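In what follows, a single structure is set out as structure tokens and then discussed.
Number of protein chains: 2
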Amino acid sequence: MSDDKSITMTHHLGIDAGGTSTRAVVLDSHGRALGYGRSGSGNPISAGPVVAAASLRAATAQALDGAALAGSVISTTAVAMAGGSSVTDDLTVAASIRGALLPTGVTAAVTIEKDLLALYFSGTPEADGYALVAGTGAAAVRVRGGEVEAVCDGLGWLLGDDGSGFWIGREVARAVAADLDGRGPTTALTPMLLAARNPGLTTGRAPTSSSVVRHELSSERDLRLSELVRWVYALRPVQLAQYAPLAFEAARAGHDAVAEHIVNQAGHVLAATLAAVVSPGLDGPLVVGGSVLVNQAAVRDIVSDVGPARLDGPGDHRAHRRPVVVVPDGLVGAAVLSLRNAGIRVDKTVFDTVTRSLGQLR
Amino acid sequence: MSDDKSITMTHHLGIDAGGTSTRAVVLDSHGRALGYGRSGSGNPISAGPVVAAASLRAATAQALDGAALAGSVISTTAVAMAGGSSVTDDLTVAASIRGALLPTGVTAAVTIEKDLLALYFSGTPEADGYALVAGTGAAAVRVRGGEVEAVCDGLGWLLGDDGSGFWIGREVARAVAADLDGRGPTTALTPMLLAARNPGLTTGRAPTSSSVVRHELSSERDLRLSELVRWVYALRPVQLAQYAPLAFEAARAGHDAVAEHIVNQAGHVLAATLAAVVSPGLDGPLVVGGSVLVNQAAVRDIVSDVGPARLDGPGDHRAHRRPVVVVPDGLVGAAVLSLRNAGIRVDKTVFDTVTRSLGQLR
Chain W
41 MSDDKSITMT HHLGIDAGGT STRAVVLDSH GRALGYGRSG SGNPISAGPV
91 VAAASLRAAT AQALDGAALA GSVISTTAVA MAGGSSVTDD LTVAASIRGA
141 LLPTGVTAAV TIEKDLLALY FSGTPEADGY ALVAGTGAAA VRVRGGEVEA
191 VCDGLGWLLG DDGSGFWIGR EVARAVAADL DGRGPTTALT PMLLAARNPG
241 LTTGRAPTSS SVVRHELSSE RDLRLSELVR WVYALRPVQL AQYAPLAFEA
291 ARAGHDAVAE HIVNQAGHVL AATLAAVVSP GLDGPLVVGG SVLVNQAAVR
341 DIVSDVGPAR LDGPGDHRAH RRPVVVVPDG LVGAAVLSLR NAGIRVDKTV
391 FDTVTRSLGQ LR
Chain S
41 MSDDKSITMT HHLGIDAGGT STRAVVLDSH GRALGYGRSG SGNPISAGPV
91 VAAASLRAAT AQALDGAALA GSVISTTAVA MAGGSSVTDD LTVAASIRGA
141 LLPTGVTAAV TIEKDLLALY FSGTPEADGY ALVAGTGAAA VRVRGGEVEA
191 VCDGLGWLLG DDGSGFWIGR EVARAVAADL DGRGPTTALT PMLLAARNPG
241 LTTGRAPTSS SVVRHELSSE RDLRLSELVR WVYALRPVQL AQYAPLAFEA
291 ARAGHDAVAE HIVNQAGHVL AATLAAVVSP GLDGPLVVGG SVLVNQAAVR
341 DIVSDVGPAR LDGPGDHRAH RRPVVVVPDG LVGAAVLSLR NAGIRVDKTV
391 FDTVTRSLGQ LR
């Protein structure tokens, strides 16, 4: 690596466009992060195309500002994004993102990259390995030769996302409903969920209703149950993900079998998702991300306890464990993919440069 | 009982207003059904107030026509309906139903009755007992002294309805997704569900998409999985209930552990819902209804195997089973409640008259 930028130095933009926030980084061709930007939701499906485009533009403008570079110097742009099921979809999205970035001066071609591939390359420069994410949703990928070879789950809240924040939050809400309803065991999750509810929707309801409720709803427990019903059905289902942390809190506090069971099950279903993409012949690191796996060592431990046994393959009885790398998001990987799109080989040296220099900027 | 109508004969209207169809019956004060009518959805929440009012009016007009009676002779009207959580709600709904029925000449006061109480009285005239329903939703009630004393579940698809048609249909869809995704076992439900899908949404998709799909979606299995995702998320979640019969079909055919597990679990969670309302001190029949319990002897058997053991109470080791009465809907009960609202005592003789005479009309 050299500081002489005069001969081969080019500049590259990596964007991690998430449902909650968007992150952008401008790098040189050695992998040095020169500028970083962050803005709101960049997912056109969840935030709408206008908001998503504005987020991408804002994060990019910040990153260029930080690098003190004009957008015109950018030669490749990679955008990591969930969704997109066909090449034609991606081409359409890429064209619209290119349009959205024009005010920043960036005119380079845009490639759309799978968010799980960017997550994977946020943890390792190795061409072969696995990634598992459990945030609001959940999915696993097998990466071979730097490309996604197999995907498991990521099927959304109704059909899949087993072990995701939504899955856990839904289990919490159902366990509380069953407790209040007399069908399920008593759990500490009940007072915790009722305390965590949006106070605006429930304050003063019980006194107002108590004079008119039917006699089968007259007990305190039934009042709380009918409040829970009103309140949960006023949410979009995926918003139940916000209550996932209650399960971890109650499980950590101990003595709550219901919460412990939910956390344990989440780990096991995530391990099953990972196991479904594992190929005995493909060795490599496991990169994990998403709030459930980043913040909850309990779930991560179950996955790494259960997962590697499968990762080693049926004929391999060595007790070694594959390294598990925890990453906060997919920004490093978006940067890696942007460099790769420029034909730059991202070896361990370049990868470490990206990781270290980006770490200093944010 | 006498055929002399001149002295005390009055006339009564019972309506069972369901989400799919509405049924009405006109009776005399001996419980003789004189006219029957049937129309579309009478539930203002699912069908909207205008459609629901029109359904109630149409079914009532048909029943009056069949009885060759003017609406003005009706002295009491009972409407069995899901929902309604407070007396004030019921008064509002009752007033609007009364307005809807005015064109039929019916001017009598309207009472709103819980659909589960009407279901219960469709199976028995006894004042104490239990009812369990599993249709699109699922719930149980304990009836004491002719009134609902306790309710369990009926909390809707997201929080409860364990063992309902939605619950079973969702398990079917998730099992098929897990099978196609390589996370779950192979099941006969997969070809069955794919064959049962709406052909209009999927015909010709695979050939059209095959030229542009990414390489990880290039296998036949992945194509079917992405079709399933598109198709299921285009439904309202409760519409998954339409696929519940596939679980029963596959379980009956044998050798499908996945389908057998779903059916078995449905029976057990319904038994738990029933157990939650059982009071050891309250004896009486168990009335069951809803498509899952009416059509699926397998589920009914699990409920009656598991349920009565709990029904007998902890101190009662006799092997006797409480009678299980299967009813097609809540119309007989709506009629019973309309008679009761007129002060008419509905004993076994009157009850049998209602059941027999209504059976001859429809």
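These protein sequence lines are chains W and S, in that order. Residues 41 to 402 (this note's numbering) are what the first sequence spells out, left to right. Residues 41 to 402 (this note's numbering) are what the second sequence spells out, left to right. Beta carbons: idealized from backbone N, C-alpha and C, even for Gly. Please read all numbers here as calculations on a predicted model, not as lab measurements.
Fill in: For Thr50 (chain S), the three-state DSSP class (helix, strand or coil)
For Thr50 (chain S), the secondary structure class from DSSP, reduced to helix, strand or coil, is coil.
Discussion item. In whole angstroms, give me the CA-to-CA distance for Leu220 (chain W) and Val303 (chain S).
Written reply: In this model, Leu220 (chain W) and Val303 (chain S) are separated by some 25 Å (Cα to Cα).
Discussion item. Any beta carbon of chain S sitting closer than 8 Å to that of Cys168 (chain W)?
Written reply: Note on residue identity: the sequence assigns Asp, not Cys, to residue 168 (chain W). So no, Asp168 (chain W) is outside the interface.
Discussion item. Is Leu199 (chain W) close to chain S? Criterion is C-beta to C-beta, closer than 8 Å.
Written reply: For Leu199 (chain W), the answer is yes, since a Cβ of chain S falls inside 8 Å of its Cβ.
Worksheet item: Name the residues in the stretch 302-315 of chain W whose C-beta lies less than 7 Å from a C-beta of chain S; which are they?
Response: Taking 7 Å as the Cβ-Cβ cut-off against chain S, the residues of the stretch 302-315 of chain W that qualify are Ala312, Thr313.
Discussion item. Taking 8 Å as the threshold (beta carbon to beta carbon), is Gly222 (chain W) in contact with chain S?
Written reply: It does: the Cβ of Gly222 (chain W) has a partner Cβ on chain S nearer than 8 Å.
Worksheet entry | Alpha-carbon spacing of Ser61 (chain S) relative to Gly209 (chain S), whole angstroms | One C-alpha to the other measures close to 21 Å.
Practice prompt. Excluding the 5 residues preceding and the 5 following Leu233 (chain W) in the sequence, name in chain order all residues of the same chain whose CB lies nearer than 8 Å to its CB.
Written response: Same-chain partners within the cutoff: Val212, Ala213, Val216, Leu268, Tyr283, Leu286.
Fill in: Complete runs of the beta strand (DSSP E) confined to the stretch 88-115 of chain S [at least 3 residues]
If we require 3 residues or more, the stretch 88-115 of chain S turns out to have no beta strand (DSSP E) run fully inside it.
Practice prompt. Excluding the 5 residues preceding and the 5 following Asn83 (chain S) in the sequence, name in chain order all residues of the same chain whose CB lies nearer than 8 Å to its CB.
Written response: Hits under 8 Å: Ala57, Gly58, Gly59, Ala92, Met121, Ala122, Gly123.
Item to complete: Give me whichever residues DSSP pairs with Lys154 (chain S) in a beta bridge.
Response: For Lys154 (chain S), the pairing in a beta bridge is given by DSSP as S:Met121.
Worksheet item: Along chain S, in chain order, which residues have C-beta atoms closer than 7 Å to that of Pro277 (chain W)?
Response: Correct list: Leu198.
Worksheet item: Candidates W:Ser79, W:Ala140, W:Ala107, W:Val317: which alpha carbon is nearest Pro89 (chain W)'s?
Response: Minimum Cα distance to Pro89 (chain W) is reached at W:Ala140.
Worksheet item: Three-state secondary structure (DSSP) at Val365 (chain W)?
Response: Val365 (chain W): strand per DSSP, three-state reduction.
Worksheet item: How would you list, in chain order, the residues of chain W whose beta-carbon sits under 9 Å from the beta-carbon of Tyr273 (chain S)?
Response: Simply Gly196, Leu198, Leu199.
Item to complete: Could you confirm whether any beta carbon from chain S is found closer than 8 Å to the beta carbon of Arg214 (chain W)?
Response: Output row for Arg214 (chain W): interface = yes.
Worksheet item: Considering only residues of the stretch 140-228 of chain S, which uninterrupted beta strand (DSSP E) runs meet the minimum length of 3 residues and lie entirely inside it, listed in chain order?
Response: Here the runs fully enclosed are 150-154, 169-174, 178-184, 187-193.
Discussion item. Under 8 Å, Cβ to Cβ, is there at least one residue of chain S near Ala217 (chain W)?
Written reply: Yes, its Cβ sits closer than 8 Å to a Cβ of chain S.
Practice prompt. Please work out which residues of its chain come closer than 6 Å, Cβ to Cβ, to Val332 (chain W), disregarding the five sequence neighbours upstream and downstream, and give them in chain order.
Written response: These residues qualify, in order along the chain: Ala174, Gly205, Val339.
Discussion item. Between which residues of its own chain and Glu300 (chain W) is the CB-CB distance below 6 Å, once the five residues before and five after are set aside?
Written reply: Around Glu300 (chain W): Ala291.
Worksheet item: In three-state DSSP terms, what is Pro325 (chain S)?
Response: When secondary structure is reduced to three states using DSSP, Pro325 (chain S) falls in the coil class, being assigned neither helix nor strand.
Worksheet item: Are any of the Cβ atoms in chain W nearer than 8 Å to that of Asp155 (chain S)?
Response: Among the residues facing chain W, Asp155 (chain S) is not included, as its CB has no counterpart in that chain under 8 Å away.
Worksheet entry | Asn381 (chain S) and Thr116 (chain S) closer than 8 Å at C-beta | A contact, by the Cβ cut-off of 8 Å.
Worksheet item: Taking 8 Å as the CB-CB limit, is Asp345 (chain W) close to chain S?
Response: Output row for Asp345 (chain W): interface = no.
Worksheet item: Where do the N-terminal and C-terminal ends of the beta strand (DSSP E) with Ala33 (chain W) fall, by residue?
Response: Past the boundaries of the shown model lies residue 33 (chain W); chain W is included only from 41 to 402, so the question cannot be answered.
Worksheet item: Out of curiosity, what's the CA-to-CA distance linking Leu322 (chain W) and Asp168 (chain W)?
Response: Taking the Cα positions, Leu322 (chain W) is about 7 Å away from Asp168 (chain W).
Worksheet item: Taking Cβ positions only, does Val269 (chain S) come closer than 8 Å to chain W?
Response: Cβ-Cβ to chain W under 8 Å: yes for Val269 (chain S).
Worksheet entry | 8 Å Cβ cutoff, Asp323 (chain W) in contact with chain S | It does not: the Cβ of Asp323 (chain W) has no partner Cβ on chain S nearer than 8 Å.
Worksheet item: Taking the alpha carbon of Val298 (chain W) as the point to measure from, which residue in W:Gly224, W:Arg97, W:Gln336 has its own alpha carbon closest?
Response: Relative to the Cα of Val298 (chain W), the nearest Cα in the group W:Gly224, W:Arg97, W:Gln336 belongs to W:Gly224.
Discussion item. Considering just the uninterrupted stretch of the beta strand (DSSP E) at Ala64 (chain W), what are its terminal residues?
Written reply: Unbroken beta strand (DSSP E) run through Ala64 (chain W): 62-68.
Worksheet item: Nearest-angstrom Cα distance between Ser95 (chain W) and Glu260 (chain S)?
Response: When rounded, the distance between both Cα atoms is 37 Å.
Worksheet item: Can you tell me whether DSSP reads Ile55 (chain W) as helix, strand or coil?
Response: Assignment of Ile55 (chain W) by DSSP, reduced to helix, strand and coil, places it in the strand class.
Worksheet item: Since His301 (chain W) is in the alpha helix (DSSP H), which residue starts that stretch and which ends it?
Response: Its alpha helix (DSSP H) spans residues 297-317.
Worksheet item: Thinking C-alpha only, which one of W:Gly329, W:Gly177, W:His52, W:Val334 is nearest Ala148 (chain W)?
Response: Of the listed residues, the one whose Cα sits closest to Ala148 (chain W) is W:His52.
Discussion item. Check for me: the alpha helix (DSSP H) holding Val376 (chain S) runs from which residue to which?
Written reply: Where Val376 (chain S) is concerned, the enclosing alpha helix (DSSP H) stretches over 371-381.
Discussion item. Is there a Cβ of chain S sitting closer than 8 Å to that of Asp369 (chain W), yes or no?
Written reply: No, Asp369 (chain W) lies away from the interface with chain S (no Cβ there is under 8 Å from its Cβ).
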